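Comments concern the structure below.
There are 2 protein chains.
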Amino acid sequence: MSNTSSLSIETPGRERLRRRGDARRLEILRAAGRIFRQRGYAQAGMRDIAAAAEISSGNLYHYFRGKHEILYFCQDRTLDTMLQALASTRSSGGSALERLRQVLTAHVFTILDDVEGTAAHLEVDALPADLRTTIICKRDRYESGLRRLIGEVIHEERLPQRDPRIITRAMLGALNWTVRWYRPQGPASVKMVARELTDFLMGGLTASGDGGAAGAPGSQGGRT
Amino acid sequence: MSNTSSLSIETPGRERLRRRGDARRLEILRAAGRIFRQRGYAQAGMRDIAAAAEISSGNLYHYFRGKHEILYFCQDRTLDTMLQALASTRSSGGSALERLRQVLTAHVFTILDDVEGTAAHLEVDALPADLRTTIICKRDRYESGLRRLIGEVIHEERLPQRDPRIITRAMLGALNWTVRWYRPQGPASVKMVARELTDFLMGGLTASGDGGAAGAPGSQGGRT
DNA sequence: TGGAATATTGAACAGCGGTTCAAATGTCGA
DNA sequence: TCGACATTTGAACCGCTGTTCAATATTCCA
Chain P
1 MSNTSSLSIE TPGRERLRRR GDARRLEILR AAGRIFRQRG YAQAGMRDIA AAAEISSGNL
61 YHYFRGKHEI LYFCQDRTLD TMLQALASTR SSGGSALERL RQVLTAHVFT ILDDVEGTAA
121 HLEVDALPAD LRTTIICKRD RYESGLRRLI GEVIHEERLP QRDPRIITRA MLGALNWTVR
181 WYRPQGPASV KMVARELTDF LMGGLTASGD GGAAGAPGSQ GGRT
Chain G
225 MSNTSSLSIE TPGRERLRRR GDARRLEILR AAGRIFRQRG YAQAGMRDIA AAAEISSGNL
285 YHYFRGKHEI LYFCQDRTLD TMLQALASTR SSGGSALERL RQVLTAHVFT ILDDVEGTAA
345 HLEVDALPAD LRTTIICKRD RYESGLRRLI GEVIHEERLP QRDPRIITRA MLGALNWTVR
405 WYRPQGPASV KMVARELTDF LMGGLTASGD GGAAGAPGSQ GGRT
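Printed below as a string of structure tokens:
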């Protein structure tokens, strides 16, 4: 966080200033996160972000090198939250099934929460190469942690072997997709959505291990 | 498709010309679809699309009113394919479970197929208002068709009641998310991905109807 | 209080990218 | 072959948007 080159001795005053700067920096990130979720990175203008943060557009550049960096820190913050949730369940001592449920629920909240929620971590492609590799690395850490957890569930519950990579991504897809359709004004609360989603992802639609008749491997309809 | 104002009588020659124009129009849409999937709508430039379609940038405007319209037709085509798949299973006479499996598989192919696949239908927000409403309407028709099918499955198989709207969107999320991670050069073929995904979505992770201990409604870790 | 460092502003800049356009070329029926 | 119409081109246009900058205001320590 502290990016100030520590050449000068930090007097108490300086310290307070820096703190105030960091606070403002966080406000900006929150505002940017909101705008990004509303319009997407490409559509969000610096002037929009500035307005949402209630400062002038030029002033943004006093806290960040540019739009890229704002996006970068948004993503970084979100991923940190998710990694933290992953880590905290690891020490919770529950069964793998319970821990997975906790992680999935936390994921929904991290994305959708109206105050702190961000979906910026979905726009990786918008980052320049150097920043992108850092983020992708962190994202992969989260994904592989989740994958390992899913692997544990499969092992503990003696479920039929499946490719955990694809299952992980299926879950991430279902979770991340919520930003595309969830609206706070809508009928469902974040809590309800998280509940229903995890229920579905954990339990699945059918009671049998294999989803019914393995129908029609041959192509049918449209252009399969 | 035929947008030519039908004031003039169509001579056989005109007809052939129009057909040739339509063929080119389709080539452009295919090329645009590829570019959109690679870079996303915002990052895709008209000059890129033109290059991919092997024509000059200015010439694009002889076939489409602008970038918006290209996206529009891409989305329209994709949705038509999906609606067709939905309709064709309806008359296939299989059980609801089988039909759902078919639709999910077809969905993956429609998105990921290397020749015809498009993911443009995910970028609804980029459209201007008038075009957007048309597309959203069609997309909703697909979604509600899928939702109905899922409802039938729940009813036929006597599964525990859940909110079909959220389940539908969970499935759509898992399916549509594939564009974010699937790479043709990667280890898995489209067929394998479709198979694993539908297996997961149909059968679910666990054998029991309710995914294990309903762990910890209380908040834990991170900022839930 | 004075002065140095920090914050803040809004106008100006720059270039990227969608679009337009006049001109050249190709196509087809008569 | 001629004329009408479709097709194609590439340069020029222009508005939008990220960014810069010089000037002004604010903050805080001595």
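Those protein sequence lines, which keep their order, are chains P and G.
Under the numbering used here, the first residue of the first sequence is numbered 1, with each subsequent residue one higher.
Under the numbering used here, the first residue of the second sequence is numbered 225, with each subsequent residue one higher.
Think of the CB as a built atom: it goes at the ideal place given N, C-alpha and C, for glycine as much as any other residue.
All of these numbers come straight from a predicted model, not from anything done at the bench.
For residue j and residue i, believed in contact at Cβ under 8 Å, the rounded distance
i: Val243(P); j: Ala85(P); result: What the structure shows of chain P is the stretch from 1 to 224, and residue 243(P) is not part of that stretch, so it cannot be assessed.
i: Ile166(P); j: Leu421(G); result: 6 Å
i: Leu79(P); j: Val153(P); result: About 23 Å separates the two Cβ atoms, so there is no contact after all.
i: Ala277(G); j: Glu251(G); result: 6 Å
i: Met196(G); j: Ser281(G); result: Nothing in the structure corresponds to residue 196(G), since chain G is present only between 225 and 448.
i: Ala42(P); j: Ala266(G); result: 4 Å
Start-to-end residues for the alpha helix (DSSP H) that takes in residue i
i: Val327(G); result: Ala320 to Leu336
i: Thr89(P); result: Lys67 to Arg90
i: Asn283(G); result: Counting along the chain, Asn283(G) falls outside any alpha helix (DSSP H), and DSSP gives it neither H nor E.
i: Gly186(P); result: Counting along the chain, Gly186(P) falls outside any alpha helix (DSSP H), and DSSP gives it neither H nor E.
i: Thr168(P); result: Pro164 to Asn176
i: Thr342(G); result: No alpha helix (DSSP H) contains Thr342(G), which DSSP labels as neither H nor E.
i: Tyr41(P); result: Unbroken run through Tyr41(P): none, as it is neither H nor E.
i: Asp354(G); result: Ala353 to Glu380
Residue i versus residue j: straight-line alpha-carbon distance, rounded
i: Asp113(P); j: Val417(G); result: 31 Å
i: Met121(P); j: Phe424(G); result: The displayed chain sequence assigns His, not Met, to residue 121(P). Taking the straight line joining both Cα atoms gives about 25 Å.
i: Ile359(G); j: Tyr366(G); result: 11 Å
i: Thr334(G); j: Ala174(P); result: 18 Å
i: Ala320(G); j: Arg363(G); result: 21 Å
i: Ala247(G); j: Gly341(G); result: 17 Å
i: Gly375(G); j: Asp349(G); result: 29 Å
i: Met82(P); j: Arg249(G); result: 45 Å
i: Arg77(P); j: Asn283(G); result: 45 Å
i: His107(P); j: Arg371(G); result: 25 Å
i: Glu157(P); j: Arg195(P); result: 21 Å
i: Ala169(G); j: Gly21(P); result: No information on residue 169(G) is available, as it lies outside the stretch 225 to 448 that chain G covers here.
i: Leu429(G); j: Pro164(P); result: Interpretation of Leu429(G) is limited by its pLDDT of 43, a score under 50 that renders its predicted location unreliable; the figure taken from the coordinates is listed afterwards. Cα to Cα, the separation comes out at about 10 Å.
i: Ser368(G); j: Phe260(G); result: 26 Å
i: Pro187(P); j: His379(G); result: 24 Å
i: Tyr63(P); j: Pro384(G); result: 52 Å
i: Cys137(P); j: Thr402(G); result: 19 Å
i: Val190(P); j: Asp48(P); result: 26 Å
i: Glu98(P); j: Arg386(G); result: 20 Å
i: Met202(P); j: Thr105(P); result: 11 Å
i: Glu123(P); j: His68(P); result: 11 Å
i: Asn400(G); j: Gln262(G); result: 15 Å
i: Gly264(G); j: Arg65(P); result: 25 Å
i: Tyr285(G); j: Leu373(G); result: 41 Å
Quiz item: Should the segment 346-363 of chain G be regarded as contacting the segment 288-297 of chain G, the criterion being three or more beta carbon pairs within less than 8 Å?
Solution: Result yes; three or more Cβ-Cβ pairs closer than 8 Å.
Quiz item: Are three or more beta carbon pairs between the segment 314-326 of chain G and the segment 256-269 of chain G nearer than 8 Å?
Solution: With the cut-off at 8 Å, the segment 314-326 of chain G and the segment 256-269 of chain G do not touch.
Practice problem: Please determine if the segment 156-171 of chain P and the segment 393-408 of chain G are in contact, where contact requires at least 3 C-beta pairs separated by less than 8 Å. | Solution: yes
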